[in-house]
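Chains as they are written, first to last, in the working numbering: chain A, 11 to 96; chain B, -13 to 255.
Backbone N, C-alpha and C define an ideal beta-carbon position, used for all residues, glycine too.
Data first, discussion second: the structure below is written as C-alpha cells.
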Ligand SMILES: Nc1ncnc2c1ncn2[C@@H]1O[C@H](COP(=O)(O)OP(=O)(O)O)[C@@H](O)[C@H]1O
Ligand SMILES: [Mg+2]
C-alpha cells in the first residue's frame, strides 16, 4: 500500500465501512460456530438462577468456552451491581 | 483416482455455474478427461451455459433411481470430446438427491475421469451439502460484496466440519478463492471491497480474480463457456485459474485498473 493510498483510505470509503462491519460479524460468527449448541440455553438458565438472588441484567453476564490443547474451561463472568460491594 | 472439485459459495448468483462451465472446459482442453455435474436439482442451468440443453434425456436423479445408466445420462460436450456433462433434474422433489446415490455416481465416475467438477446450488441445504461432501478441492466463488464474503466464510466453516474428509479425520479439503465480478475501477474509488480487503477476512489461497465482464453474458447467450472466448478478459482469467490449479505459475491479472505509469505512481483518481 502506497502512502497516498493510506491517506485516501482514511476518508472512510464505503468499502472500508463494509470491511469493518464484515470483520466484526465474521469474527463473531466464527466464535459462535465453534461453541456447543447448548451454550445460549445454558446462559439463559444460569442468568435466571442468579437473578433469583441478585438483581443483575443480561449484559452483566458473559459466558465463554475456552479451548486449549488439553482442556476446555467454561468461563462465567458476572458483574454485580454497586449495592453488593462491601 | 479422480480429483473432485466443488464450486461453491453459499450465496446465489455469484458465478458458480459460470465458473463450473469455464473450468471444466479448461481442464478438458488441457487434456484431462473431465465431467461436470449440476447439483442444482429443480433449477438446472448448467446445461444452458454449456449449450447442451436440447440433448438432455436423462439426469442425475434418473441415475440415482436406477431409471437410466450413468452412460445414458452423460452428455458429451460438442466442443471438447474429453468433457462430459451430467445434468440436474427439474424435479421439485429435492430429497431425490441422496448421499448414497451421489457416492455411487462419484465412485463410478472416478474410474473413468480425471476431474469431477461439482456445480453447487446456493444455500446450505441438501444439494449444496452433497455437492461438497465428497470434495477434495473447493473453489470458493466470492464477489467483493458484504453478503457474498459472509456467506463464503460460512461455507468455509461447513467445508471444514461437514465433509467426508472432515468426518473421517483425513487431510482437509483444499480451499481456493476465486474472486469474481471484480471491478478495479470501483475498488479504486472506494466503492467496492478490494482483493486485499476480502483476503484480510477469508485468507484463502487465491486462484484468480475474474473481472466483471460483458463477455460472460455474451457467452451464456450463445451457450459456450466463456473460457472459449480467448480474447475476453473473463475467458483469460479462467484460463489462468485452470493453469494455476494445474501447477503453473502465472502472474495475477485484472486486479489493478489498466492505467498509465503516472496514474499508478500518484494514485490519482
Ligand atoms: N465475471 C462476470 N461478469 C459479469 N457477469 C457475470 C460474471 N460472472 C457471472 N456473471 C453473471 O451473473 C449471473 C449469475 O451467474 P451464475 O454463474 O449463474 O451464478 P450462480 O451459479 O452462483 O448462481 C449470470 O447472469 C452471469 O451471467
Ligand atoms: Mg448456479
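* **Interface residues of the region 19 to 48 of chain A facing chain B [CB-CB below 8 Å]** => Residues 19, 21, 23, 24, 25, 26, 28, 29, 31, 32, 33, 35, 36, 39, 40, 43.
* Asked: Using the C-alpha atoms, what's the distance from residue 100(B) back to residue -8(B)?
  -> Cα-Cα distance, rounded: 14 Å.
* **Nearest-angstrom beta carbon gap, residue 127(B) and residue 1(B) [assumed within contact, 8 Å]** => About 5 Å; that satisfies the 8 Å criterion.
* **the region 65 to 83 of chain A / the region 172 to 180 of chain B touching (three or more Cβ pairs under 8 Å)** => Not touching, per the Cβ criterion.
* Asked: Can you tell me the Cα-Cα spacing of residue 235(B) and residue 67(A), whole angstroms?
  -> Going by the C-alpha atoms only, they are around 58 Å apart.
* Classify residue 249(B) as buried or exposed, calling it buried when 16 or more other Cβ atoms lie within 10 Å of its own Cβ. => Residue placement at residue 249(B) is flagged as unreliable, the pLDDT there being 49, under the threshold of 50; a coordinate-derived value is accordingly withheld.
* Would you check if the distance between the CB atom of residue 22(B) and the CB atom of residue 91(B) is smaller than 8 Å? => It is not a contact, given that the beta carbons lie outside the stated cut-off.
* Could you say if the region 6 to 18 of chain B and the region 58 to 71 of chain B meet the contact criterion of at least three C-beta pairs nearer than 8 Å? => Under the Cβ criterion (8 Å, minimum of three pairs), the region 6 to 18 of chain B counts as touching the region 58 to 71 of chain B.
* Does at least one heavy atom of ligand 2 sit under 7 Å from the Cβ of residue 137(B)? -> No, since every heavy atom of ligand 2 falls outside the 7 Å radius drawn around the Cβ of residue 137(B).
* Asked: Any chance the CB of residue 256(B) is under 7 Å from a heavy atom of ligand 2?
  -> Look at the range of chain B in this structure, -13 to 255, and you will see that residue 256(B) is not part of it.
* **Distance between beta carbons of residue 33(B) and residue 39(B), contact taken as under 8 Å** => Yes, residue 39(B) and residue 33(B) are in contact; Cβ-Cβ is about 4 Å, under 8 Å.
* Asked: Can you name the residues of chain E whose CB is closer than 7 Å to the CB of residue 0(B)?
  -> Absent here is chain E; the protein component of the structure consists of chains A and B.
* Starting from residue 135(B), find everything on chain A with Cβ-Cβ shorter than 7 Å and list it in chain order. => Contact of residue 135(B) with chain A by beta-carbon distance below 7 Å involves 32.
* Proximal residues to residue 28(B) (C-beta, below 7 Å), its chain only, five neighbours per side dropped -> So the list reads 76, 77, 78, 80, once near-sequence residues are dropped.
* **In DSSP terms, what residue 101(B) is bridged to** => BP columns for residue 101(B) point to -11(B), 20(B).
* Asked: Can you give the Cα-Cα distance for residue 255(B) and residue 210(B), rounded to whole angstroms?
  -> Here residue 255(B) scores only 40 on pLDDT, less than 50, and its place in the model is too uncertain to base an answer on.
* Answer yes if the region 47 to 54 of chain A comes into contact with the region 140 to 153 of chain B, meaning at least three C-beta pairs across the two stretches below 8 Å, and no otherwise. => Put simply, the region 140 to 153 of chain B does not touch the region 47 to 54 of chain A. Fewer than three CB pairs are less than 8 Å apart.
* **Residues near residue 61(B) by beta carbon distance below 6 Å, same chain, minus five either side** => Excluding residues within five positions, the ones whose Cβ falls inside 6 Å are 38, 41, 71.
* Asked: Hey, which residues come within less than 5 Å of ligand 2, measuring from Cβ to any heavy atom, in chain order?
  -> The set of residues with any CB-heavy atom separation to ligand 2 below 5 Å comprises, in chain order, 2(B), 3(B).
* Asked: When you check each C-beta in the region 175 to 191 of chain B against every C-beta of chain A, which residues fall closer than 9 Å?
  -> So the list reads 175, 176, 177, 178, 179, 180, 182, 183, 184, 186, 187, 188, given in the order they occur along the chain.
* To do: Answer yes or no: does any C-beta atom of chain A fall closer than 8 Å to that of residue 139(B)?
  => Answer yes: the Cβ-Cβ gap between residue 139(B) and chain A drops below 8 Å somewhere.
* To do: Let me know the alpha helix (DSSP H) ranges lying completely inside the region 44 to 107 of chain B, each 4 residues or longer, listed in chain order.
  => Those alpha helix (DSSP H) runs which fall completely within the region 44 to 107 of chain B and span 4+ residues are 46 to 50, 56 to 59, 85 to 98.
* To do: Can you check the region 24 to 80 of chain A for any beta strand (DSSP E) of at least 3 residues that lies completely inside it and give the ranges in chain order?
  => With a minimum length of 3 residues, the continuous beta strand (DSSP E) runs that stay inside the region 24 to 80 of chain A are 71 to 77.
* Where residue 115(B) falls, given that 16 or more other Cβ within 10 Å makes a residue buried -> Under the 10 Å beta carbon count, residue 115(B) is surrounded by 16 or more other beta carbons and is classified as buried.
* Under 7 Å by beta carbon: chain A residues contacting residue 109(B) -> Under a criterion of Cβ atoms nearer than 7 Å, no residue of chain A is adjacent to residue 109(B); the nearest Cβ is some 17 Å distant.
* Asked: Would DSSP call residue 195(B) helix, strand or coil?
  -> Collapsing the DSSP output to three states places residue 195(B) in a strand.
* Return helix, strand or coil for residue 83(A), following the three-state DSSP convention. => Three-state DSSP puts residue 83(A) in a strand.
* Asked: Looking only at its own chain, which residues have a Cβ that is under 7 Å from the Cβ of residue 88(A), when we skip the five neighbours before and after it?
  -> If the five residues before and after residue 88(A) are omitted, its C-beta is found closer than 7 Å to the C-beta atoms of 60, 66, 70, 71, all from its own chain and listed in chain order.
* Nearest CA to the CA of residue 46(A): which residue from 90(A), 83(A), 91(A)? -> Nearest option by C-alpha distance: 83(A).
* To do: Under 7 Å Cβ to Cβ from residue -13(B), same chain only, skipping five residues before and after it: list those, please.
  => Correct list, in chain order: 96.
* Reducing DSSP to helix, strand and coil, say where residue 242(B) ends up. => If DSSP states are grouped into helix, strand and coil, residue 242(B) belongs with coil.
* For residue 212(B), count neighbouring C-beta atoms within 10 Å of its own C-beta (all shown protein chains included) and say buried if the count is 16 or more, exposed if not. => It is buried - the Cβ of residue 212(B) has at least 16 other Cβ atoms within 10 Å.
* **C-alpha gap between residue 169(B) and residue 240(B), whole angstroms** => Straight-line Cα distance between these residues: approximately 8 Å.
* Asked: Hey, is residue 207(B) close to ligand 1, as in C-beta under 7 Å from one of its heavy atoms?
  -> Checking the Cβ of residue 207(B) against ligand 1 gives no.
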